[in-house]
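Undergrad: Below: one structure in structure tokens.
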Amino acid sequence: MATTSVHSIYVTQAQALEYIVNPEKTEDGTLVQNFACSNDPVIAAEMFDAVRNEKGTGRGIILARHIHQNFAPGETTPEEAMQIGLELCQKLFGNEYQFVIATHTDKQHIHNHIIVNNVNLENGRTLNYLADRGKQNLLYQKIRDTSDMLCREHQLSVVENPELGKKQRWYEWSQEKQGLSWKSKLRYELDCLIMRSDSFEDFLDKCRANNIEVDYNPNRKIDLKFRMPEQQKFARAKTLGWYYETSQIKKRIENYLRHKELSLAYRPRTKIIDTSAELFQEAKGLEQWADIRNMQEASRVIDILTQYQIESTKEVKPAAISASMHRAKLVEELNHLQKDIASISETIEALRVFQKYRPIMQQMKNLPDRKKKGFAEKFSNELEKYREAGTKLKAAYPDGKVPSEENLIKKRNEMIQQRDKSNSEYKAVNSELKDIDYARQAIDDYLKTQDVSQEQKRKKGDLE
404 MATTSVHSIY VTQAQALEYI VNPEKTEDGT LVQNFACSND PVIAAEMFDA VRNEKGTGRG
464 IILARHIHQN FAPGETTPEE AMQIGLELCQ KLFGNEYQFV IATHTDKQHI HNHIIVNNVN
524 LENGRTLNYL ADRGKQNLLY QKIRDTSDML CREHQLSVVE NPELGKKQRW YEWSQEKQGL
584 SWKSKLRYEL DCLIMRSDSF EDFLDKCRAN NIEVDYNPNR KIDLKFRMPE QQKFARAKTL
644 GWYYETSQIK KRIENYLRHK ELSLAYRPRT KIIDTSAELF QEAKGLEQWA DIRNMQEASR
704 VIDILTQYQI ESTKEVKPAA ISASMHRAKL VEELNHLQKD IASISETIEA LRVFQKYRPI
764 MQQMKNLPDR KKKGFAEKFS NELEKYREAG TKLKAAYPDG KVPSEENLIK KRNEMIQQRD
824 KSNSEYKAVN SELKDIDYAR QAIDDYLKTQ DVSQEQKRKK GDLE
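So the number in this note's numbering is just where the residue sits in the sequence shown, counting from 1, plus 403.
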């Protein structure tokens with residue numbers, strides 16, 4: 404599932420660019436790309452300005468647009484999210500607008516930030532003018548529709564709630580800066596349970612089995628409440644955001660089930676031609692051509708089935724479901740690995756800082772009491788960094804047994820190797836899923852054309 408939102412930047416262009424390319428959010432800047440500018444926020448802002456000054460009319464007050472594209476927890480990888488974001492930019496902007504895109508992995512859900520210059524590189528027209536001749540709401544809708552289309556193509560689920568206004572979307576409330584608050588923890592637990600549930604009743608049972616108290620009464624106005632072990636009071640579902648209300652939870656479960664069964668609205672475009680149409684009946688040459696094309700398409704489907712050792716059409720859907728579940732497992736594994744890599748990287752950095760400033764702390768401890776105050780004031784910054792690093796190390800290793808930097812780096816390298824291996828496997832499974840889904844749809848299309856053809860022959864026989 405991906406949701407989108409967009410807002411205009413009037414003044415803080417450089418600050419916005421600096422925020423989205425933050426190394427702590429983009430895996431040391433590896434998840435940042437651009438078109439016709441730079442990954443450096445200062446340089447990118449200057450290049451945006453240069454295009455506006457040269458091509459713009461000077462009358463526009465919008466400097467840039469900031470697009471947010473947010474994916475459901477556990478549904479995609481950072482690499483795939485970046486790919487989808489780049490495809491979104493290509494379809495929306497072509498090669499006519501500068502942009503910087505960054506994939507953030509610092510939250511429970513992976514999300515893209517895209518900042519695009521509002522002025523065209525060639526003709527100076529503004530983004531919303533070129534997209535919809537000045538109608539702002541149509542620009543928002545175009546971004547959302549394009550994002551939804553790409554998510555379907557990548558076998559990701561899509562939120563189908565057109566009645567909701569853009570101010571109520573999931574991103575808005577999920578971005579609240581609560582860190583590790585109980586609400587954030589509760590939302591995360593509920594998200595995981597929703598993805599694993601077969602029905603709303605199953606979801607309630609899973610909540611109770613995972614120590615989340617549930618108070619559900621459909622006859623009450625406030626029908627659903629949750630409470631985690633550390634909470635004193637129940638939290639109304641509505642206070643967590645509309646995404647956790649009863650009706651939305653049911654829709655989400657249905658969406659995930661459809662996703663697992665590969666019966667999403669997305670249908671791969673196959674080349675099976677319906678030769679029962681009147682056009683083909685009147686032109687036999689055209690019908691023969693279509694039959695040949697259908698044979699070529701059938702050959703491709705057979706190649707796919709052979710490649711993945713699918714021996715009958717009855718095995719196609721189970722094979723697709725199996726591939727889908729395998730991919731979901733790999734996504735979860737990749738996201739866990741990435742979090743572990745980020746965590747151990749923070750520990751390595753904290754250990755380096757701790758060791759760097761440890762001599763200063765030892766020096767202060769060895770001073771007479773009368774000199775310690777002056778020394779502490781002189782080296783206040785160094786001592787503060789030492790204490791902060793010590794706090795991080797203690798949190799990571801409460802027993803005080805911190806591994807050496809060499810061992811930590813070795814462990815991180817092993818994790819990186821495992822991540823790269825799993826990512827290669829993920830790409831292969833994703834390709835397999837697309838192939839099998841294509842074959843499934845081609846078979847369905849062919850069977851439908853045969854049904855129509857048989858019905859037409861039956862009617863023709865009745866008339867004769």
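Yeah, the Cβ is synthetic: ideal placement off N, Cα and C, and Gly gets one too.
Curious, which full-length beta strand (DSSP E) runs of at least 3 residues does the segment 590-630 contain?
TA: Qualifying beta strand (DSSP E) stretches, in chain order: 616-619, 627-630.
Undergrad: For Q416, does the three-state DSSP call read helix, strand or coil?
TA: The residue you call residue 416 lines up with position 13 of the sequence shown. Note: Q416 maps to helix in three-state DSSP.
Undergrad: With A505 as the anchor, note down where its beta strand (DSSP E) starts and where it stops.
TA: As a working mapping, residue 505 is identified with position 102 in the sequence shown. It spans 502-507 - the beta strand (DSSP E) in which A505 sits, taken as one unbroken run.
Undergrad: So, is M485 buried or exposed, given that buried needs 16 or more other C-beta atoms within 10 angstroms?
TA: In the sequence shown, residue 485 corresponds to position 82, counting from 1. Looking at its Cβ environment, which holds 16 or more other Cβ atoms inside 10 Å, M485 is buried.
Undergrad: With C-beta atoms as the reference, is I763 less than 8 Å away from E785?
TA: In the sequence shown, the residue the question calls residue 763 occupies position 360. In the sequence shown, the residue the question calls residue 785 occupies position 382. Yes.
Undergrad: When burial is assigned at 16 or more other CB atoms within 10 Å of the CB, is I705 buried or exposed?
TA: One-based indexing of the sequence shown puts residue 705 at position 302. Flag for I705 reads exposed.
Undergrad: Tell me, to the nearest whole angstrom, how far the beta carbon of V734 is from that of E478; I am working on the premise that it is less than 8 Å.
TA: Looking up residue 734 in the sequence shown gives position 331. Looking up residue 478 in the sequence shown gives position 75. Going by Cβ atoms, the distance from V734 to E478 rounds to 6 Å, so yes, they are a contact pair.
Undergrad: Would you report the Cα separation of V503 and L530, rounded to the nearest angstrom?
TA: On the sequence shown, position 100 is the one that residue 503 refers to. On the sequence shown, position 127 is the one that residue 530 refers to. Whole-angstrom Cα-Cα distance: 15 Å.
Undergrad: What whole-angstrom Cβ distance do N521 and R468 have, given they're in contact under 8 Å?
TA: One-based indexing of the sequence shown puts residue 521 at position 118. One-based indexing of the sequence shown puts residue 468 at position 65. That belief holds up - the Cβ atoms of N521 and R468 are roughly 6 Å apart, short of 8 Å.
Undergrad: Mind checking who A467 pairs with in its DSSP beta bridge?
TA: Residue numbering aside, residue 467 sits at position 64 when the sequence shown is read from its first letter. Paired residue(s): I412, N520.
Undergrad: Do you know whose CA, among V719, E490, L489, K628, lies nearest D847's CA?
TA: By one-based count along the sequence shown, residue 847 stands at place 444. Among V719, E490, L489, K628, the Cα nearest to that of D847 is on V719.
Undergrad: Is F496 helix, strand or coil by DSSP?
TA: Numbered from 1 along the sequence shown, position 93 holds the residue referred to as residue 496. Three-state DSSP puts F496 in a helix.
Undergrad: For my contact list, L740 and S825 are in at a C-beta cut-off of 8 Å; report their separation, rounded to the angstrom.
TA: Numbered from 1 along the sequence shown, position 337 holds the residue referred to as residue 740. Numbered from 1 along the sequence shown, position 422 holds the residue referred to as residue 825. Going by Cβ atoms, the distance from L740 to S825 rounds to 7 Å, so yes, they are a contact pair.
Undergrad: So, with DSSP's three-state summary, where would you put N526?
TA: Residue mapping note: residue 526 aligns to position 123 of the sequence shown, counting from 1. N526: coil per DSSP, three-state reduction.
Undergrad: Which of helix, strand or coil does DSSP assign to N442?
TA: Taking the sequence shown and counting its residues from 1, the one referred to as residue 442 is at position 39. Here N442 sits in coil by DSSP.
Undergrad: For R590 and L596, what's the separation of their Cα atoms in angstroms?
TA: By one-based count along the sequence shown, residue 590 stands at place 187. By one-based count along the sequence shown, residue 596 stands at place 193. Near 10 Å, if we compare the C-alpha coordinates of L596 and R590.
Undergrad: Between which two residues does the alpha helix (DSSP H) harbouring T716 extend?
TA: Locating residue 716 in the sequence shown gives position 313, where the first residue counts as 1. Element bounds for T716: n/a, residue is neither H nor E.
Undergrad: Could you tell me the boundaries of the alpha helix (DSSP H) in which D772 lies?
TA: Sequence index remark: in the sequence shown, residue 772 carries index 369 (1-based). Segment 772-781, the alpha helix (DSSP H) holding D772.
Undergrad: Quick one: using the 10 Å Cβ neighbour count with 16 as the cut-off for buried, is R598 buried or exposed?
TA: In the sequence shown, counting from the first residue as 1, residue 598 sits at position 195. The question names Arg, but residue 598 is Met in the sequence shown. Flag for M598 reads buried.
Undergrad: Please report the straight-line C-alpha distance between Y829 and E499, rounded to a whole angstrom.
TA: The count along the sequence shown starts at 1 and reaches residue 829 at position 426. The count along the sequence shown starts at 1 and reaches residue 499 at position 96. Using only the alpha carbons, I get a separation of about 33 Å.
Undergrad: Is Q635 helix, strand or coil by DSSP?
TA: Within the sequence shown, numbered from 1, the residue matching residue 635 stands at position 232. Looking at Q635 - three-state DSSP - the assignment turns out to be coil, as it is neither helix nor strand.
Undergrad: What does the alpha-carbon distance come out to for the pair K636 and R630?
TA: Reading the sequence shown from its first residue, position 233 is the one you call residue 636. Reading the sequence shown from its first residue, position 227 is the one you call residue 630. Distance between the alpha carbons of K636 and R630: 7 Å.
Undergrad: Assign L866 to one of three DSSP states: helix, strand, or coil.
TA: Mapped onto the sequence shown, residue 866 falls at position 463. Unreliable placement is indicated for L866, whose pLDDT of 48 sits below 50; no coordinate value is reported for it.
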